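Here the structure is laid out as structure tokens; the discussion comes afterwards.
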């Protein structure tokens, strides 16, 4: 007898990330939630993460497609959850930079380890996508210190 899957562990993880981010955003700066992402220093309101497809490849999204005045089109594997309803989520695209402030591109057949490992800083963008979290098999949370690091 096949048992129906009741939940998606990726969906549950993203719900937990969203709850943590919302707690930091909604509480006053002196509350216990202000240091929720780090016991020693406030790290901001974002827990960046990478989603992996059922083929164990990082999920890639594109930002700034066809927008001539907002800079070049970019691809990314880094996201921030903005909203979640059931297992459908709105994800904000995070753009990745290396130490020399060069935008890293994640297009192509293979995501090379060095591309992901070369990320020095992530920045929030104005671009979002809607995803069904049940389509992913893994999630990797990243250090919140990657956001806007100098």
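Residue numbers (the working numbering): 205 to 354. Even glycine gets a Cβ: it sits at the ideal position worked out from N, Cα and C. Only a predicted model underlies this, so the values are computations on that prediction, with no experimental measurement involved.
Assuming residue 254 and residue 346 are in contact, meaning their beta carbons sit under 8 angstroms apart, how far apart are those beta carbons, in whole angstroms?
Right, their Cβ atoms sit about 7 angstroms apart.
First and last residue of the beta strand (DSSP E) that includes residue 325?
First-last of the beta strand (DSSP E) with residue 325: 325 to 336.
Looking only at its chain, what residues have a beta carbon closer than 8 angstroms to the beta carbon of residue 257, apart from the 5 residues adjacent to it on each side?
Closer than 8 angstroms at the Cβ level, and outside the excluded window around residue 257, lie 263, 339, 340 and 341.
What residue range does the beta strand (DSSP E) around residue 267 cover?
Residues 265 to 267.
Quick check: residue 267 and residue 351, are their CB atoms within less than 8 angstroms of each other?
Result no, Cβ atoms of residue 267 and residue 351 do not sit closer than 8 angstroms.
What residues match up with residue 256 in a beta bridge as DSSP calls it?
Bridge partners of residue 256: 262 and 342.
Taking the beta strand (DSSP E) that residue 292 falls in, what are its first and last residues?
Note, residue 292: beta strand (DSSP E), 292 to 301.
Kindly identify the DSSP beta-bridge partner or partners of residue 251.
Looking at the DSSP assignment, residue 251 forms no beta bridge with any residue, so it has no partner.
Taking the beta carbon of residue 296 as the centre, do at least 16 other beta carbons fall within 10 Å, making it buried, or is it exposed?
Buried, since its Cβ has 16 or more Cβ neighbours within 10 Å.
Measure the alpha-carbon distance for residue 324 versus residue 276 and round it to whole angstroms.
Each residue's alpha carbon lies about 20 angstroms from the other.
I need the straight-line Cα distance from residue 217 to residue 321, nearest angstrom please.
Rounded to the nearest angstrom, the two C-alpha atoms are 23 angstroms apart.
On the CB-based measure, 16 or more other CB atoms within 10 Å of its CB, does residue 354 come out buried or exposed?
Exposed, because fewer than 16 other Cβ atoms sit within 10 Å of the Cβ of residue 354.
Who are residue 356's beta bridge partners in DSSP?
Residue 356 is absent from the model: the chain starts at 205 and stops at 354.
Please tell me whether residue 302 and residue 279 are closer than 8 angstroms, where the distance is taken between their beta carbons.
No. Outside cutoff.
Below 8 angstroms on the Cβ atoms is my guess for residue 214 versus residue 299; work out the distance and round it to an integer in Å.
Not a contact, Cβ separation roughly 23 angstroms.
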